[in-house]
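What follows is a set of notes on a single structure, which appears directly below.
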Amino acid sequence: MRRELRRVIGAEQVGPYTLLRIDRGGLDPGEPGQFFMLEAPGRVLPRPMSVCLAPAGELGFLIDPIGPGTRALCALEAGDELHVLGPLGNGFELTVERPLLVGGGIGIAPLPYLSRRLGSPPAILGFRSEWHAEAAALLPGAEVCVEPAYVTALLPDEPYDVLACGPEPMLAALRALAPEAQLAWEAPMACGYGACYGCAVEIEGELRRLCVEGPVLTARKDLVAVSN
Amino acid sequence: MLSATKSSVLLNASGCLDALTAPEVARSLDGFVTKTITPEPRGGNPPVRIAETDAGMLNAIGLANPGRERFLAETLPRLRGLGVPVWVSVGGFSAAEYAETCAALEGVAAIELNLSCPNVDEAPESAAAIVAACRAATTLPLYAKLSPAAWDIAEGARAVEAAGADGLSLVNTLRGLALDARTLRPALARGSGGYSGPALKPVALAAVYACAAAVELPIVGMGGVRTGLDALELLAAGASAVALGTILFSDPSAPERIRSELAAEAAARGLSNPLEARGLAHSSLQMGVSHPGNEVQKVPGNGRKVTA
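Residue numbers (our numbering), protein chains in the order written: chain A, 6 to 233; chain B, 3 to 310.
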């Protein structure tokens, strides 16, 4: 991991989300599913964000403005600077035969980068509204559904290697339907590199740090929901 | 123990770094303080265990640790291999438990007794009783980590000094609570947690200042340190070392940065070594600050002048 001061190239609205594009500098973008800790302007702690896109010279992060840190990140403008730490965590296992990407809401964030690395495999995305579904533009060709329809209804009958990211109920439903699925979990993180012991989730009966053991985990492991 | 010849002495605050997952950060410190070890393994509290606040953060990790046996057999040998002095933070639920762990430790730089964690439900015996039991169990240096919640922390310092402590670690976290803005329910699963970060600095300074005046023990000062100037202030209050906690979460390069900032802040005040600032807050001497572009003359008791 490296910590660098990087310049914002731009911030584009994508439905309710913001795609924050940062000058990559010497940072290694890492593997799909890995994340960076982004300094949140005016806040004590940084925020963990998956790499959404990694074009040459850039890192792109898809951010949902749900709290003071994410709102501050979404308000950044071209030319602003922020510290960025990463790449962190463990990404998706890419040697899969029949990938199927499944995403829900802001959980689609790591999927565009993943899709490009896997040669644009089939993708199913679910959102809570048409406005949120505008983010599907980041994955051209994806099948999209909007609540009350759920992505699990769009899962094909044939076996696929599922790689997913989204809200816990979605991951839990996928876990039941596709036991071998690779699931990208989320947890509140203060540090992202194993120092704070804050991002604990239960794995195989033990509380383990998601930033060190994940965030991508196989559904087969015994996972308990993160939030209370 | 801490070397008096080092130009600055920086440690991490216990629980704010894992040397095995971030060895380069541990190596940038003068000593690594472990997560508190308890006799039995602990997974810690259920999620959510951390929450940010406006001027700090809360943690309710709950002393997650591998337990004494696994720590001694697996963790400690690996820590020794890093080449950084290791301080072991010891916790427990009775004086006997603390003492048992102390007795089992050898080949470490010091023991820090976690006497004041807000994240466990059971209250242990008095700090002095625990220190006394540990004193009888080991010849290793014993640093007592005290809570800033005491009405008169200097009294606690005198009590642990009398019980045989070799030093003080000031301060542990304060009990705090955050409510989720949407639900108005506690953000942490356990309810309250330990409050740390910038808001704690005046609390840490007050504790160090009071205890430095009350006892002769060396003090590791900590609480909200973000810059070299913050560290210099703790030294001036009476500390002889400084520990970095919350800042490590947002900036793993903080030890290097703060070390060089501390040296620059000391030099700007005419000090050849940051440790020369130790206790200056208690002194009646006037001190001026010299930065490039201004000339400051001070006339301290020893007649030294500082010019830019």
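Ideal Cβ positions, reconstructed from N, Cα and C, are used throughout, including at glycine. Fair warning: this is a prediction, and the values are worked out from it, not measured in the lab.
{"Item": "Residues within the region 43 to 60 of chain A neighbouring chain B, beta-carbon criterion of under 8 Å", "Value": "GLU44, ARG48, VAL49, LEU50 and PRO51"}
{"Item": "The beta strand (DSSP E) enclosing GLU17 of chain A, as first and last residue numbers", "Value": "7 to 19"}
{"Item": "Contact belief for GLY58 of chain B with LYS37 of chain B at Cβ below 8 Å, rounded distance in angstroms", "Value": "With a Cβ gap of about 20 Å, GLY58 of chain B and LYS37 of chain B do not count as contacting."}
{"Item": "Under 9 Å from the C-beta of ASN61 of chain B: neighbouring residues of chain A", "Value": "ALA195, CYS201, TYR202 and GLY203"}
{"Item": "Rounded separation between ALA183 of chain A and ASN67 of chain B - CA only", "Value": "33 Å"}
{"Item": "Exposure of HIS137 of chain A, with buried meaning 16 or more beta-carbon neighbours within 10 Å", "Value": "buried"}
{"Item": "Reduced DSSP secondary structure (H/G/I, E/B, other) of PRO174 of chain A", "Value": "helix"}
{"Item": "Contacts that GLU211 of chain A makes with chain B (C-beta to C-beta distance below 8 Å)", "Value": "GLY45"}
{"Item": "Pairwise C-alpha distance: LEU12 of chain B and ARG180 of chain A", "Value": "46 Å"}
{"Item": "Whether SER194 of chain B touches LEU148 of chain B by CB criterion (8 Å)", "Value": "no"}
{"Item": "Assigned secondary structure, ASP168 of chain B (DSSP; H/G/I helix, E/B strand, else coil)", "Value": "coil"}
{"Item": "Three or more C-beta pairs below 8 Å linking the region 251 to 266 of chain B and the region 174 to 182 of chain B", "Value": "no"}
{"Item": "Cα-Cα separation between TRP89 of chain B and ALA111 of chain B, rounded to whole angstroms", "Value": "5 Å"}
{"Item": "VAL107 of chain A beta carbon less than 8 Å from that of VAL49 of chain A", "Value": "no"}
{"Item": "Integer-rounded CB distance, given that GLY196 of chain B should sit under 8 Å from THR248 of chain B", "Value": "No, THR248 of chain B and GLY196 of chain B are not in contact; Cβ-Cβ is about 10 Å, not under 8 Å."}
{"Item": "Three-state secondary structure (DSSP) of LEU130 of chain A", "Value": "strand"}
{"Item": "Span of the beta strand (DSSP E) around GLU150 of chain A", "Value": "Note that residue 150 of chain A is Cys in the sequence shown here, rather than Glu. Unbroken beta strand (DSSP E) run through CYS150 of chain A: 148 to 151."}
{"Item": "Separation of LEU116 of chain A from VAL167 of chain A, as counted between CA atoms", "Value": "12 Å"}
{"Item": "Contact set between GLU54 of chain B and chain A, taken where Cβ atoms lie within less than 9 Å", "Value": "ALA45, ARG48, VAL49, LEU50, GLY72, PRO73, GLY74, PRO193 and ALA195"}
{"Item": "C-beta atoms of GLU139 of chain A and HIS88 of chain A nearer than 8 Å", "Value": "no"}
{"Item": "7 Å CB neighbourhood of GLU98 of chain A in its chain, flanking five on each side removed", "Value": "GLN187"}
{"Item": "Contacts that ARG8 of chain A makes with chain B (C-beta to C-beta distance below 8 Å)", "Value": "ASP253, PRO254 and SER255"}
{"Item": "Beta-carbon proximity check, ALA75 of chain B vs TYR100 of chain B, cutoff 8 Å", "Value": "no"}
{"Item": "Completely contained beta strand (DSSP E) runs for the region 19 to 57 of chain B, where each covers 3 or more residues", "Value": "52 to 55"}
{"Item": "Among B:ARG44, B:THR55, B:ARG51 and B:GLU42, the one whose alpha carbon lies nearest that of ALA201 of chain B", "Value": "B:THR55"}
{"Item": "Own chain, CB closer than 8 Å to PRO172 of chain A, minus 5 neighbours either side, in chain order", "Value": "GLY109, GLY110 and GLY112"}
{"Item": "Among B:ALA243, B:VAL217 and B:LEU60, nearest to MET224 of chain B - alpha-carbon criterion", "Value": "B:ALA243"}
{"Item": "Where THR103 of chain B sits in the DSSP three-state scheme", "Value": "helix"}
{"Item": "Chain A contact for PRO200 of chain B (CB, 8 Å cutoff)", "Value": "yes"}
{"Item": "Sequence ranges, alpha helix (DSSP H) only - wholly within the region 59 to 115 of chain A, length at least 4", "Value": "73 to 79"}
{"Item": "One or two residues paired with ALA156 of chain B in a DSSP bridge", "Value": "Per DSSP, none; premise fails for ALA156 of chain B."}
{"Item": "The region 117 to 125 of chain A contacting the region 22 to 38 of chain A, beta-carbon criterion three pairs below 8 Å", "Value": "yes"}
{"Item": "Whether LEU81 of chain A touches PHE41 of chain A by CB criterion (8 Å)", "Value": "no"}
{"Item": "Proximity test, Cβ basis, 8 Å: PRO25 of chain B and chain A", "Value": "no"}
{"Item": "At least three beta-carbon pairs within less than 8 Å, the region 212 to 224 of chain B to the region 212 to 224 of chain A", "Value": "no"}
{"Item": "Through-space distance from LEU143 of chain A to SER125 of chain A, alpha-carbon basis", "Value": "11 Å"}
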